[in-house]
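Going line by line, the protein sequences match chains A and B. Residue numbers for the first sequence follow the numbering used here, so the first one is 1 and each next one is one higher. Residue numbers for the second sequence follow the numbering used here, so the first one is 1001 and each next one is one higher.
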Amino acid sequence: MNSRRWLPAALALVPAFVDPALANGNAERGRDLYESRCISCHSLDANRIGPKHRGVYGRKAGSVPEFTYSPAVKSSSVVWNDQTLMRWLTNPQEVIPGQRMNFRVSQPQDRADIVAYLKKESGQ
Amino acid sequence: MTPSSIAVPTGPIAKGLITERRAFFRAAGAATLSATAVALMAGCESMAQGNMTAADVNILNVALGLEHEAINAYQLGAESGLLQQPVLNTAVAFQTHHKEHRDALIATIRKMGGMPVAEKPKAEYARALNAGSLRNQADVLKLAQRLERGAANAYLGVIPSFGDKGLAQVAARLAADETMHWTALTSAMGEMLPQKALTFGA
């Protein structure tokens, strides 16, 4: 089939699959969402119910030294990037079974905006 | 806005809350604890059927951590000397709700064979919440408003993760209490309520 031959060529133009929501991630809107959705458990600079978030983008899961993580997150080899964060916010249990967050964000655009905000606040 | 211009609802609801608080203290500890736990779990038929998992205990324990923080936030507010009546009474009434949430969660976690997460020292909450930066009554109300909205959203966002539907309903009831607090605080601060529907959760 012709399309078989064309597919690899077409894919080569796209470095990796990009979630359309992610491409439009709006850090400004992400800050408001973070403020209303995440703030009961997280802060950028203080460990609370969950670990502090500044620098989380690009970091290995479970690597804030003073925070007591679940054994599952502590021993995970997941690194937080666009894809892993999007999946984590969709359903954390599917990314790291045994995690303790369990909080989900149902709308893809909301997730993408929050990821853009975390990325920005991590200096990336 | 000057602190004295902040009006807090003091009608029958607020008075009722405060009476409830007295009853809570009169009943002192154990008796109230089991009564609240029974109320919380009424309708959780599935509990006997073993639908509850260690994952559900984890969710309840994170919720308990959030309630510990809320209780301490109101304590810091009450002790700050920045709150005047009737705001102070309302803050104490809301703190009492969070204590009831805490006791109900502890009882449920124990009943499920889990180990309830302990409260941290108050100074740790003060540091994490930056309590040192609170300068007036409006600052305290703003912090409480932020935490209550966050708590309502936190409960709504963990609902899909529960294995047990009875516990998911409990989370929804807790979210409703936090929303009630947020609404009262928002009115007290003279702010508009959201014009659009469905601003919580999702």
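Idealized CB from N, CA, C, for every residue including glycine. For clarity, every value in this text was computed on a predicted model and none was experimentally measured.
With 16 or more other Cβ atoms from the protein chains shown falling within 10 Å of its own Cβ, A:ARG100 counts as buried. Under the Cβ distance rule, A:SER122 does not count among the residues neighbouring chain B, no pair being separated by less than 8 Å. Boundaries cannot be given for B:MET1112, as no alpha helix (DSSP H) includes it and DSSP labels it neither H nor E. Chain B places a beta carbon closer than 8 Å to that of A:PHE103, counting this residue as a contact.
Taking a Cβ-Cβ threshold of 7 Å, the residues of chain A close to B:GLU1069 are ARG48, ILE49, in chain order. The alpha-carbon separation between B:LEU1088 and A:ALA27 amounts to approximately 37 Å. Going by DSSP, B:LYS1165 is part of the alpha helix (DSSP H) stretching over 1165-1188. Sequence-distant partners of B:THR1053 (beyond 5 residues in either direction) whose C-beta falls short of 6 Å from its own C-beta, in its chain, are GLY1163. For A:LEU89, the enclosing alpha helix (DSSP H) begins and ends at 82-90. Where A:ILE114 is concerned, the enclosing alpha helix (DSSP H) starts and stops at 108-121. A:LYS60 has A:VAL79 as its beta-bridge partners, per DSSP. Going by beta carbons, A:LYS52 and A:GLY62 fall outside the 8 Å limit. Taking C-beta atoms as the reference points, B:TYR1125 and B:LEU1076 count as a pair closer than 8 Å. Assignment of B:PHE1094 by DSSP, reduced to helix, strand and coil, places it in the helix class. Judged by pairs of C-beta atoms under 8 Å, the segment 1057-1074 of chain B touches the segment 1112-1126 of chain B, as three or more such pairs exist.
Per DSSP, A:GLN99 is not a residue of any alpha helix (DSSP H), being assigned neither H nor E. Annotation for A:ARG31: TYR117 place their beta carbon closer than 6 Å to its own, counting only its chain and skipping 5 residues before and after. At the C-beta level, A:GLY25 and A:VAL115 come within 8 Å of one another. Judged by DSSP in its simplified three-state form, A:SER40 adopts coil rather than helix or strand. Counting only Cβ-Cβ distances below 7 Å, B:ILE1059 has contacts in chain A at ASN102, in chain order. With contacts defined as CB atoms closer than 8 Å, B:ARG1102 and B:HIS1068 qualify as a contacting pair. For B:ALA1128, the residues of chain A that pass the 8 Å Cβ criterion are SER43, ALA46, ASN47, ARG48, in the order they occur in the chain. DSSP places B:PRO1160 in the helix class (H, G or I) of the three-state scheme. Cα atoms of A:LYS60 and B:GLY1190: separation of roughly 44 Å, rounded to the nearest angstrom. Secondary structure of B:ILE1071 (DSSP, three-state): helix. Excluding five sequence positions before and after A:ASP82, the CB atoms of its chain that fall closer than 7 Å to its own CB belong to LEU22, VAL115, given in chain order. With a threshold of 16 other beta carbon atoms within 10 Å, A:ASP113 meets it and is buried. Rounded to whole angstroms, the gap between the alpha carbons of B:ALA1184 and B:GLY1157 is 22 Å. B:GLU1079 is classed as exposed because its beta carbon has fewer than 16 other beta carbons within 10 Å across all chains shown. Collapsing the DSSP output to three states places A:ARG31 in a helix. Here B:ASN1130 is exposed, its C-beta having fewer than 16 other C-beta atoms within 10 Å. Taking B:LEU1060 as reference, the option from B:GLY1150, B:VAL1170, B:GLN1095 with the minimal CA-CA separation is B:VAL1170.
At a beta-carbon threshold of 7 Å, the residues of chain A lying near B:SER1161 are GLN93, ASN102, ARG104, ordered along the chain.
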